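Engineer:
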Amino acid sequence: MNARNKFEEIRTLLSSQEGISPGKMMSSEAIRCNDKVFAFFHNEMMTFKLGSGFDPSDMGIDEWFPLSPFKTKPPLKGWYMIPEEYMDKWPQLAEMAFLKIR
Numbered sequence: 006m007n008a009r010n011k012f013e014e015i016r017t018l019l020s021s022q023e024g025i026s027p028g029k030m031m032s033s034e035a036i037r038c039n040d041k042v043f044a045f046f047h048n049e050m051m052t053f054k055l056g057s058g059f060d061p062s063d064m065g066i067d068e069w070f071p072l073s074p075f076k077t078k079p080p081l082k083g084w085y086m087i088p089e090e091y092m093d094k095w096p097q098l099a100e101m102a103f104l105k106i107r
């Protein structure tokens, strides 16, 4: 399964829960709860809002990137970009992000 299909699968599964719907984040496909985005797909990665206390290495994720969409500002706190090599972890991360935002 490719990364986009995995994202779509996760979004479809989560959308069955009340308050969750598709959306957009910086022109990318996203998942939102009550109009707040908690996960989105961009550049073959999923990005999750997990909070600044989250440590990706606790889940065996050795490679990740902070979300840094602005050239002159620091990265956004609590947002983690997780590459497709960890897409097996994406469903759990999406659920964690949903629980954090709802």
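Going by my numbering, the first residue of the sequence shown is number 6, and it counts up by one from there.
Idealized CB from N, CA, C, for every residue including glycine.
Bear in mind the structure is a predicted one, so any value in this text is a computation, not a measurement.
Rounded to whole angstroms, what's the CA-CA distance from Ser73 to Ile106? Just pull it up for me.
Structural biologist: Between Ser73 and Ile106, the C-alpha separation is close to 20 Å.
Engineer: Going by DSSP, which residues form a beta bridge with Phe53?
Structural biologist: In DSSP, Phe53 forms a bridge with Ala44 and Tyr85.
Engineer: Apart from the five residues on each side of it in sequence, which residues of its chain come closer than 6 Å, Cβ to Cβ, to Phe43?
Structural biologist: If we look at Phe43 and ignore the five residues flanking it on each side, its Cβ neighbours are Lys54, Ala102, Phe103 and Ile106.
Engineer: Could you check the C-alpha separation between Gly28 and Leu18 for me, to the nearest Å?
Structural biologist: Approximately 15 Å, taken between the alpha carbons.
Engineer: Look at the alpha carbon of Met64 and the alpha carbon of Thr77, and state the distance between them as a whole number of angstroms.
Structural biologist: Their Cα atoms are separated by approximately 31 Å.
Engineer: Just to check my reading of the structure: Pro88 and Glu68 have Cβ atoms closer than 8 Å, yes? What is that Cβ distance to the nearest angstrom?
Structural biologist: The Cβ separation is near 6 Å, so the contact holds.
Engineer: Going by beta carbon distance, what residues of the same chain come within less than 8 Å of Ala99, once the five residues before and after it are set aside?
Structural biologist: Cβ neighbours of Ala99 beyond the five flanking positions: Ile15, Leu19, Ile36, Phe43, Ala44, Met51 and Phe53.
Engineer: With DSSP as the reference, please indicate the residues paired to Ser62 in a beta bridge.
Structural biologist: DSSP, once it has assigned bridges, lists no residue as partnering Ser62.
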